[in-house]
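Visitor: Residue 13 is where the sequence shown starts when you use my numbering, and the numbers rise one by one after that. Note that beta-carbon positions come from the ideal geometry of N, C-alpha and C, so glycine has one too. These numbers were taken from a predicted model, which means no experiment stands behind them. I am attaching a structure below and will ask some questions about it afterwards.
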Amino acid sequence: MKRIYTLMIALLALSVGAWAQTTYYWQPTNGGAWSTANNWRTNPNGTGSTRTSAQNSDILIIDQEVSQTITGVPTQTIGSLRILSGAITLQGTGGTNTLTINNSSTGADLRISAGASLNIASSLENIQFGNNATADISGELVLNNNTYNLNGANVSTTVSSTGVLRNAGTISNSSTAKLIVNGTFVHDREGGTIPTATWNNASVFELNITSNSLPGGLGQSFGHMSVIGNITSNVSLNTSISVAGNFTFATTGNNTVRISNNGTNRTVNVGGNFVQNSGNLTAINNDGNVTLNIGGDYEMNGGNFILKNDEGNGTMNVSGKFTMTAGAVNLRNDNSGSSTVNVTGLFDLQGGTLNMAATSGSSTMNLRGGFSQTGGSITETSSGSGNIVFTGTNLQTFSKSGGSILNAIHVTMNNNSAVDFGTSVLDNTGGNFTMTGNARIITSHNEGLRSNGAAGSIRSNNRTYSSTGDYEFRGASTGNFATAASTVRDLTINNASGEVAMARAFTVSRTLALTNGYVTPGGNELLITTAGTASSVNGAFVNGSLGKAINTGNYSFTFYVGDAASTGLSPACFQIRKRWWRRCLNFYCNFCTW
């Protein structure tokens with residue numbers, strides 16, 4: 013019985029030795045050899061035992077706030093590696109070395125604390141993990157020409173919100189492994205493959221294009237995405253792209269990144285802003301259809317962007333603003349297919365050149381959030397044209413204080429659109445202006461609107477105004493512009509500083525709204541049709557004659573007329589019982605008899 017008890021004690025001692033963990037602290041501050049026993053001590057202050065016998069359960073801690081290189085890392089298995097501070101480089105022995113990290117500690121088995129970094133030199137060829145082992149990268153992990161092997165069962169690596177994983181090697185990631193990116197992942201090599209990962213919406217995927225090929229694995233749903241690097245030859249995406257946050261493009265070199273090439277169809281979904289700061293980016297290069305869906309703003313701050321360089325259909329949908337501060341945007345270089353930009357927010361041109369057609373075809377920019385130009389140029393450079401179309405039914409603002417609109421750039425107000433031109437001037441003298449359907453236009457320009465000539469808010473080459481549209485004058489003059497039968501739907505006089513002078517006749521089919529100030533018809537007829545009405549607030553009135561067409565039967569109508577030189581508003585109300593009055597015989601209203 014005593015021998016059995018002794019045997020059990022011996023077995024227990026062996027078992028304890030197998031799973032017992034020893035913690036060692038790296039001592040040098042200027043580098044040294046991994047395998048030198050005295051470089052590791054069981055106490056942080058340099059006391060205690062040395063690491064004379066390496067065990068696969070050892071916990072190794074490096075906590076020196078310096079930059080240093082640890083050399084001669086052999087093929088070895090350890091329990092845990094913790095980089096708590098400093099910038100550490102690990103080098104191999106020169107053979108084929110593998111550092112294996114087991115699951116032998118509480119928490120992550122590979123830990124890089126925030127502010128610390130671990131650089132795995134190419135001479136240490138392999139980093140791999142035992143089953144159930146985990147890594148927490150809160151600082152920076154740099155992989156060179158290494159393999160970072162996550163193929164073990166239940167292995168995972170988490171890049172925290174403060175962490176950076178910079179990969180210039182290979183990440184082997186089996187279906188059972190997990191790579192979770194909450195911080196930044198940098199693909200820093202030619203070609204290769206982006207490992208399958210779970211990308212937090214706040215994470216950043218940085219694609220550093222170092223030569224002439226793009227990696228595989230781009231067909232994932234990223235958080236934010238940034239494309240940088242020096243492009244040494246033209247490269248093309250091999251898949252569509254989905255980005256939950258912002259997409260930033262800032263490459264160098266004279267070559268181009270192509271979204272679609274050789275007839276491929278691509279969709280780029282960006283939930284945040286699409287920002288280009290430099291480089292050359294082309295959506296369609298050689299056939300194919302491309303759609304860019306941008307949930308935030310489009311920002312062009314430098315470089316060159318071509319929506320359509322060849323056959324196919326190019327579409328850009330911008331939910332936020334379209335802003336240009338520098339660079340060049342070319343919407344089409346080919347005659348066939350379509351080129352369309354839809355902007356929900358403000359179109360804001362501060363600098364750069366927007367070329368809407370460098371070919372005989374045309375492109376269209378549909379605006380729903382207004383137009384602002386303080387600099388830059390909108391143009392076409394061939395025999396084609398550009399079409400700027402106001403489509404929004406909510407009131408949009410047209411503001412132009414600088415820059416130029418050149419050549420055949422046409423501007424259209426769609427049916428039911430509304431645009432306030434303020435005191436700005438649309439001076440696309442090489443293009444046309446068309447107001448269609450029930451559109452609404454507001455001008456505060458002192459010259460109002462004109463049918464031709466260099467005067468008023470609209471100075472396009474050819475101008476077409478709608479006879480069913482609505483017109484509001486806040487400036488001093490209505491001008492003289494052509495509508496069919498000189499008819500408008502609504503006419504609003506809203507000059508808080510005083511008079512609006514009519515240089516043309518108006519027939520109002522729906523509402524004469526006198527909001528502020530007064531309108532002086534002079535020798536022009538201001539007539540309200542049988543279905544039309546009139547209203548007045550703030551004492552606004554017609555300074556002169558006002559006509560109203562009536563039908564048979566009883567009818568009541570108030571003429572908001574007055575005399576600007578004396579009484580101001582002096583309304584006259586008439587109740588018509590027979591159809592034999594049409595013209596009042598005094599200064600304030602103008603009727604005639606049948």
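#1: By DSSP, does S97 sit in helix, in strand, or in coil?
#2: Which of the three DSSP states, helix, strand or coil, is assigned to N51?
#3: Can you look up L24 in the DSSP assignment and give me helix, strand or coil?
#4: Excluding the 5 residues flanking S413 on each side, which residues of the same chain have their C-beta closer than 8 Å to its C-beta?
#5: Can you look up A3 in the DSSP assignment and give me helix, strand or coil?
#6: Only counting the same chain, and skipping five residues up and downstream in sequence, which positions put a Cβ closer than 7 Å to that of K14?
#7: Can you tell me where the beta strand (DSSP E) with D322 in it begins and where it stops?
#8: Runs of 3 residues minimum, wholly inside the region 463-516: which ones carry the beta strand (DSSP E) assignment?
#9: Please determine if the region 458-471 and the region 496-507 are in contact, where contact requires at least 3 C-beta pairs separated by less than 8 Å.
#10: DSSP state of K190, grouped into three classes?
#11: Could you tell me which uninterrupted beta strand (DSSP E) segments, each at least 3 residues in length, are contained entirely in the region 41-86, listed from first to last along the chain?
#12: Look up L539 in the DSSP assignment and say whether it is helix, strand or coil.
#13: What does a CB cutoff of less than 8 Å around G381 pick up in its chain, not counting 5 residues either side in sequence?
#14: If contacts are defined as beta-carbon pairs under 8 Å, then M336 and G388 qualify, I think. What distance do you get, rounded to the angstrom?
#15: Check each candidate in Q39, I82, D200, T35 and name the one with the smallest Cα separation from S65.
#16: Go through its chain and collect everything with a Cβ distance to S258's Cβ below 6 Å, but skip five positions before and after it.
#17: What do you get for G465, buried or exposed, if any count of 16 or more other CB atoms within 10 angstroms of its CB means buried?
#18: Which of helix, strand or coil does DSSP assign to Q39?
#19: Below 8 Å on the Cβ atoms is my guess for L96 versus L136; work out the distance and round it to an integer in Å.
#20: In three-state DSSP terms, what is R522?
#21: Kindly indicate which three-state DSSP category L597 falls into: helix, strand or coil?
#22: Using DSSP bridges, identify the partner residues of E218.
#23: Do L379 and V401 come within 8 Å of each other at the CB atom, strictly closer than that value?
#24: Exposed or buried, what is T542 when buried is set at 16 or more other beta-carbons lying within 10 Å of its beta-carbon?
#25: So which of G300, A214, N292 has the shortest CA-CA distance to T251?
#26: Apply the 10 Å Cβ neighbour rule to N194 and answer buried if 16 or more other Cβ atoms are within range, or exposed otherwise.
#27: Pick out whichever of T527, T87, A576 has its Cα sitting closest to the Cα of V549.
#28: When we look at the beta-carbon of N161 and count the other beta-carbons within 10 Å, is it buried (16 or more) or exposed?
Guide: Inspection of the coordinates gives the following:
#1: Here residue 97 is taken as the residue at index 85 of the sequence shown, counted from 1. In the three-state reduction of the DSSP assignment, S97 falls in the strand class.
#2: The sequence position of residue 51 within the sequence shown is 39, counting from 1. Looking at N51 - three-state DSSP - the assignment turns out to be helix.
#3: Locating residue 24 in the sequence shown gives position 12, where the first residue counts as 1. Only weak support is given to the placement of L24: the predicted model assigns it a pLDDT of 37, under 50, and the question is left unresolved by the model.
#4: Counting from 1 along the sequence shown, the entry for residue 413 is found at position 401. Excluding sequence neighbours, S413 sits near Q385, T386, S436.
#5: What the structure shows of the chain is the stretch from 13 to 606, and residue 3 is not part of that stretch, so it cannot be assessed.
#6: Start at 1 with the first residue of the sequence shown, and residue 14 comes out as number 2. With a pLDDT of 41 at K14, under the threshold of 50, the modelled position of that residue is not reliable, and the figure given next carries that caveat. In its own chain, leaving out the 5 sequence neighbours on each side, no residue places its CB closer than 7 Å to the CB of K14.
#7: For the purposes of this step, residue 322 is taken as residue 310 along the sequence shown, with counting starting at 1. Run containing D322: none; DSSP gives neither H nor E here.
#8: The qualifying runs are 474-476, 482-485, 489-492, 499-514.
#9: In this structure the region 458-471 does not lie against the region 496-507, because fewer than three pairs of beta carbons, one per stretch, are closer than 8 Å.
#10: Walking along the sequence shown from the start, residue 190 turns up at place 178. Three-state DSSP puts K190 in a strand.
#11: With a minimum length of 3 residues, the continuous beta strand (DSSP E) runs that stay inside the region 41-86 are 71-85.
#12: The residue given as residue 539 occupies position 527 in the sequence shown. Looking at L539 - three-state DSSP - the assignment turns out to be strand.
#13: In the sequence shown, counting from the first residue as 1, residue 381 sits at position 369. Within the same chain, Cβ atoms closer than 8 Å to the Cβ of G381 are found at K333, V355, T356, G357, L358, F359, G404, Q408, the five residues on either side in sequence being excluded.
#14: The sequence position of residue 336 within the sequence shown is 324, counting from 1. The sequence position of residue 388 within the sequence shown is 376, counting from 1. Contact holds; Cβ gap of about 6 Å.
#15: Locating residue 65 in the sequence shown gives position 53, where the first residue counts as 1. Closest option to S65, Cα to Cα, is T35.
#16: Taking the first residue of the sequence shown as position 1, residue 258 is located at position 246. The displayed chain sequence assigns Asn, not Ser, to residue 258. So the list reads H236, G284, N285, once near-sequence residues are dropped.
#17: Translated into positions along the sequence shown, residue 465 becomes position 453. Exposed is the call here.
#18: The residue you call residue 39 lines up with position 27 of the sequence shown. Correct three-state label for Q39: coil.
#19: Taking the sequence shown and counting its residues from 1, one reaches residue 96 at position 84. Taking the sequence shown and counting its residues from 1, one reaches residue 136 at position 124. Not confirmed; about 20 Å, so no contact.
#20: Taking the first residue of the sequence shown as 1, we reach residue 522 at position 510. Three-state DSSP puts R522 in a strand.
#21: Within the sequence shown, the letter at position 585 stands for residue 597. Only weak support exists for where L597 lies, its pLDDT of 32 falling under 50; the value from the coordinates is given anyway. Three-state result, L597: strand.
#22: Counted from its first residue, the sequence shown places residue 218 at position 206. Residue pairing from DSSP places E218 in a beta bridge opposite V198, S238.
#23: For this step, residue 401 is matched to residue 389 along the sequence shown. For this step, residue 379 is matched to residue 367 along the sequence shown. The answer is yes: Cβ separation under 8 Å.
#24: What you label residue 542 is simply residue 530 of the sequence shown in a count that begins at 1. That one is exposed.
#25: Numbered from 1 along the sequence shown, position 239 holds the residue referred to as residue 251. Taking T251 as reference, the option from G300, A214, N292 with the minimal CA-CA separation is G300.
#26: Position 182 of the sequence shown holds residue 194. N194 sits buried, since 16 or more C-beta atoms from the chains shown fall within 10 Å of its C-beta.
#27: As a working mapping, residue 549 is identified with position 537 in the sequence shown. Checked all of T527, T87, A576; the closest Cα to V549 is T527.
#28: Counting from 1 along the sequence shown, the entry for residue 161 is found at position 149. Burial call: buried.
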